[in-house]
Amino acid sequence: MISVMNSQGSAQKAGTLLLLVVSNLLFCQNVHPLPICPSGDCKMSLQDMFDRLVMLSHYIHSLSSEIFIEFDQRYAQGRGFIAKAINGCHTSSLPTPEDKEQAQQIPPEVLLKLVISLLHAWNDPLYQLVTEVGGIHEAPDGMVSRAKEIEAQIKQLLEGIQKIIGQVHPGANENEIYSVWAQLPSLQAADEESRLFAFYNLLHCLRRDSHKVDNYLKILKCRIVYQNNC
Amino acid sequence: MKDNVASTIAFILLLCLNISFLNGQSPPGKPEILKCRSPDKETFTCWWKPGTDGGLPTNYSLTYVREGDENTYECPDYKTSGPNSCFFSKKYTSIWKIYIITVNATNQMGTTASEPLYVDVTYIVEPEPPRNLSLEVKWPKDRKPYLLIRWSPPNITDLRSGWFTMEYEIRLKSEETDEWEIHFAGQQTQFKIFSLYPGQKYFVQTRCKPDHGYWSRWGQESAIDIPNDFTMKDTTVWIFVAVLSAVICLIMVWAVALKGYSMMTCIFPPVPGPKIKGFDTHLLEKGKSEELLSALGCQDFPPTSDCEDLLVEFLEVDDNEDEQLMPSHSKEYPGQGVKPTHLDPDSDSGHGSYDSHSLLSEKCEEPQAYPPTFHIPEIIEKPENPEENITPIQDPQSNIPYFHADVSKSSTWPLLPGQHMPRSPYHSIADVCKLAGAPVDAVASFLDKAGKNALKSSKAFETGKEEKVAKQEMESLHSKTKEETSWPLLQEKASFIYAKPLDYVEIHKVNKDGVLSLLPKQKENCDQVEKPRASETSKEYAKVSGVTDNNILVLVPESQVQNMALFEESAKKAPSPLEQNQSEKDLASFAGTSSNCRLQLGRLDYLDPTCFMHSFH
């Protein structure tokens, strides 16, 4: 009797285990695999990698737009900040294409390098933005959280692009163009007007550059993966 | 002089100005830039609204300054986009740059500039609506029909190179409703609609938007008639749902059916009827008490179980009531009310106590253990579950014996005819019945099985609620309520059997064979409880010599009259070799088999009542 019960119990356990395994497999099938491999050489398809990059860049630009629009409506009405923000982006020195023709003429790896430069150029400003936003009078909570989110997503984007560069053009030279951001004192200015304008400028430039990155990656995806036949 | 000249000139100017005002001429009003839009992120157009013209022909010009270039340029194209517009072609369009656009209105009187508009082409993209909207009802094989909506992106957008990314939306409504149903279609240029009402006309529209920009306006509306055989519901789904519910209902019904009885028994436990082995309720009805009593067979007498299980207390026979059951013996019956109080208040004399030693063991100090009042009439009035008398219900927990007596079986008490039972607190059959706390059947059941059970049941009756004994085993005995009237019979029969002076003994125990183990009354030891056999007793009364008029069973030691074999208390069918005195055939059969059923147990000579039972089956 006991032996029979034991066998029944073990059979039940085996059945339960099998069920768990099968269900896990089924669930795992529906999950879109993350393209970024932490290390090693995982042969993920280029299409999947680009899909993920485009998704990330789209998301980053959406967040940047939201931050800017919120700040604009809240603090920048009637102050004429936009006029002062002309030629105010620290990344304007980068030779990025300004229209479609230029973007299509530039080689893909150069474009990728430019994207990397753009993203690197925002490491420091984003960090300062998160740190200094507390100085804004009644800063909305969404701004800080979004800024942090953008920081995190840019990190992931950089990783992905590095991977793609490794696959598309391995061995590319590391002549990265750096652009320096020197507006930290403005962010910490005592005058509220100056401080607000510094934030406005920062957010305005972030919105623009994130759009650039998004557009460039979409162009590259259609060009590399679909051979200009999206 | 100079002052005069200056004032004169001013006066003249003012005059001219007044004259011009009087004529209705003035510099133009301030124009206003309405909006700038780019349909493809490669060109863009700005529209303005002119202000007042000041009565004079006014020209409008648009000038702009671009970020990164300090020069001011004028609008390259005033025509393409219509009046009051400026079209910037690809050559003049740069994205990710801010344009500062100003419109100037000029007339003869002057120029008025509008407020500058800061425009970044990146964020003013608003495409044209999609084209080539087509609707078609598809009928795939073995699948549900659906409406397929297809469209093309607007002409000028460059989606192939990835410069432009488009998302779409469709909306539809039937002819009868007023609200549109909107569906987001993502980046695909087709859409399938499944749930449509057949026989109705539907209108469909689409629009699009860039990945970061404004929605276009709704495109051209298309209409389609849905055919009448366009099934809306998926019948297979409903069939599956119906089958599943039927299966679930069946399972529930089956579960209820299986468990229903046990559930009902849990909620409403059946009331057991009184049951005495060998007790025939039919005989009781017929009024043949002799047969009834003789048929009663008590087993396991004396009880061998522990005394504490036997809760026989007192049985109080109320003989003033019910006379209908035993009309022939009614007179005797009322007289049978053996109250324990009338008897010797001995500590161990459980008046009519079935198992006195159990009482001793439980409470030696208590002289009186009042048996439950034995109201035969009451019990008779409540015949409960007579059908339960048929089979012995063995309660596994408490080994209260059940009677095998069948209702239809004619069984009589194995009472020695003509024997009187000595009037003693123990020996009255009625007392014994009362000990059981139930009708006679209960007492009989007592004797049938181990004494424990009998004690238990008698305990229950101790509370004086014999009708309320919820124990099934006892309830089964209720069915034999009518058999209770046989008790007086028993006593009557045994009344004339009187062999020797009365000697009160106490019932030691009832063993499993239904043998009553009796001891002399002076033996009041608590220790004798556990002994299953009467062998511990120095002297045991093993035989009934007779029954006195007071329904007292006279027992004699084994060595004495061999003919006495009646055990009173629990309807034991003690065979009597003297049954012929009563001229009852059952008793005669008893006697016949008595010798065969004698158990040789040491000094005791017990008769196994079970063997008598068989004779009645």
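Chains as they are written, first to last, in this note's numbering: chain A, 1 to 230; chain B, 231 to 847.
All residues carry an ideal CB built from backbone N, CA and C; glycine is no exception.
Residue nearest to residue i in terms of C-alpha spacing, selected from the options
i        : options                                : result
B/Pro359 : B/Ser492, B/Thr352, B/Trp448, B/Gly254 : B/Trp448
B/Glu409 : B/Asp388, B/Gln417, B/Phe433           : B/Phe433
A/Val213 : A/Val115, A/Gln162, A/Val225, A/Lys84  : A/Val115
A/Cys119 : A/Gln162, A/Glu132, A/Ser10            : A quick correction: the sequence has Leu, not Cys, at residue 119 of chain A. The option with the nearest alpha carbon to A/Leu119 is A/Gln162.
B/Glu356 : B/Thr341, B/Ser237, B/Ile386, B/Leu378 : B/Ile386
B/Gly429 : B/Thr436, B/Cys438, B/Ser404           : B/Ser404
A/Asp48  : A/Pro125, A/Arg74, A/Ile224            : A/Ile224
B/Ser425 : B/Ser452, B/Phe460, B/Tyr322           : B/Phe460
A/Val133 : A/Thr91, A/Ser45, A/Leu203             : A/Leu203
B/Pro384 : B/Leu402, B/Pro375, B/Arg361, B/Val367 : B/Arg361
B/Gly254 : B/Leu488, B/Glu297, B/Pro287, B/Pro261 : B/Pro287
A/Gln240 : A/His211, A/Thr131, A/Leu19            : Missing from the structure shown is residue 240 of chain A; chain A here goes from 1 to 230 and no further.
B/Lys260 : B/Thr282, B/Phe274, B/Thr275           : B/Thr282
B/Ser452 : B/Cys438, B/Pro440, B/Asp441, B/Lys431 : B/Lys431
A/Ile219 : A/Ile86, A/Pro107, A/Ile82, A/His61    : A/Pro107
A/Val180 : A/Ala76, A/Gln73, A/Leu112, A/Asn123   : A/Asn123
B/Phe421 : B/Tyr308, B/Thr395, B/Tyr427, B/Ile400 : B/Ile400
B/Gln450 : B/Ser291, B/Gly312, B/Ser382, B/Leu264 : B/Ser382
A/Leu56  : A/Phe197, A/Lys155, A/Ser194, A/Ile177 : A/Lys155
Residue environment, residue i, which counts as buried when at least 16 other CB atoms sit within 10 Å
i        : result
A/Pro95  : exposed
B/Ser373 : Position check: residue 373 of chain B holds Arg in this sequence, whereas Ser was assumed. So B/Arg373 counts as exposed.
A/Gln183 : buried
B/Val235 : exposed
A/Lys221 : buried
A/Asn228 : exposed
A/Cys276 : Only positions 1 to 230 of chain A appear in the structure, and residue 276 of chain A is not among them; the question remains open.
A/Asp191 : exposed
B/Ser706 : Model confidence at B/Ser706 stands at a pLDDT of 46, short of 50, so the residue's coordinates are unreliable; what they give is reported in the following sentence. The residue is buried, with at least 16 neighbouring Cβ atoms inside 10 Å.
B/Phe498 : exposed
A/Thr91  : buried
A/Ala103 : buried
A/Ser210 : buried
B/Pro269 : buried
B/Pro718 : For B/Pro718, the pLDDT reaches just 43, beneath the cut-off of 50, and the residue's location in the model is therefore unreliable, although a value from the coordinates is still provided. Classification of B/Pro718: buried, given that the 10 Å Cβ count is 16 or more.
B/Thr342 : buried
B/Trp369 : exposed
B/Trp278 : buried
B/Met231 : exposed
A/Ala11  : exposed
B/Ser237 : exposed
A/His61  : buried
B/Trp484 : exposed
Can you list, in chain order, the stretches of the beta strand (DSSP E) that have 3 or more residues and sit fully within the stretch 254 to 331 of chain B? 262 to 267, 274 to 279, 288 to 296, 302 to 304, 315 to 318
Note down, in chain order, all residues in the stretch 196 to 215 of chain A with a beta-carbon under 8 angstroms from any beta-carbon belonging to chain B. Arg208, His211, Lys212, Asp214, Asn215
Could I get the ranges of all uninterrupted beta strand (DSSP E) runs contained in the stretch 368 to 405 of chain B, with 3 residues as the minimum, in chain order? 376 to 382, 396 to 404
Going along the chain, which unbroken runs of the alpha helix (DSSP H) with 4 or more residues stay wholly within the stretch 455 to 499 of chain B? 465 to 497
Counting Cβ pairs, one atom from each stretch, are 3 or more of them under 8 angstroms apart for the stretch 58 to 70 of chain A and the stretch 145 to 161 of chain A? yes
Taking Cβ-Cβ distances below 9 angstroms as the criterion, which residues of the stretch 315 to 330 of chain B are in contact with chain A? Listed by position, the residues of the stretch 315 to 330 of chain B near chain A (Cβ gap below 9 angstroms) are Lys320, Thr323, Ser324, Ile325, Trp326, Lys327, Ile328, Ile330.
Residues in the stretch 330 to 358 of chain B with C-beta within 7 angstroms of chain A's C-beta atoms, listed in sequence order? Listed by position, the residues of the stretch 330 to 358 of chain B near chain A (Cβ gap below 7 angstroms) are Tyr348, Thr352.
For the stretch 470 to 480 of chain B and the stretch 400 to 416 of chain B, state whether three or more C-beta atom pairs, one from each stretch, are separated by less than 8 angstroms. no
Give the list of continuous alpha helix (DSSP H) stretches no shorter than 4 residues that lie fully inside the stretch 102 to 159 of chain A. 108 to 121, 123 to 132
At least 3 beta-carbon pairs within less than 8 angstroms: the stretch 320 to 337 of chain B vs the stretch 233 to 245 of chain B: no
Could you please tell me which residues of the stretch 280 to 305 of chain B, in chain order, have their CB closer than 7 angstroms to any CB of chain A? Glu297, Gly298
Check each residue of the stretch 390 to 407 of chain B: if its Cβ is closer than 7 angstroms to any Cβ of chain A, include it; give the result in chain order. Arg390, Ser391, Gly392, Trp393, Thr395
Closer than 8 angstroms is the cut-off here; do at least three beta carbon pairs connect the stretch 376 to 396 of chain B with the stretch 286 to 306 of chain B? no
To be precise: take each residue of the stretch 437 to 451 of chain B, compare its Cβ to all Cβ atoms of chain A, and keep it if any distance is under 8 angstroms. Which residues remain? Of all residues in the stretch 437 to 451 of chain B, those with a C-beta nearer than 8 angstroms to a C-beta of chain A are Asp441, His442, reading in chain order.
Can you list, in chain order, the residues of the stretch 42 to 59 of chain A whose Cβ is nearer than 9 angstroms to any Cβ on chain B? Val54, His58
Please name the residues in the stretch 62 to 77 of chain A whose beta-carbon is closer than 8 angstroms to at least one beta-carbon of chain B, in chain order. Ser62, Ser65
Residues in the stretch 152 to 171 of chain A having any Cβ partner in chain B nearer than 8 angstroms: Correct list: empty, as no residue qualifies.
Contact residues within the stretch 253 to 265 of chain B, judged by C-beta distance below 9 angstroms to chain A: none
Any residues in the stretch 218 to 230 of chain A with a beta carbon nearer than 9 angstroms to a beta carbon of chain B? Which ones, in chain order? Listed by position, the residues of the stretch 218 to 230 of chain A near chain B (Cβ gap below 9 angstroms) are Lys218, Ile219, Leu220, Lys221, Cys222, Arg223, Tyr226, Asn228, Asn229, Cys230.
Pull out every residue of the stretch 101 to 118 of chain A whose Cβ sits closer than 9 angstroms to any Cβ of chain B, in chain order. Among the residues of the stretch 101 to 118 of chain A, those with a Cβ less than 9 angstroms away from any Cβ of chain B are Glu101, Ala103, Gln104, in the order of the chain.
Mind checking the stretch 75 to 96 of chain A against chain B and listing, in chain order, the residues whose C-beta falls within less than 9 angstroms of any C-beta there? Residues Ile82, Ala83, Ala85, Ile86, Asn87, Ser92, Thr96.
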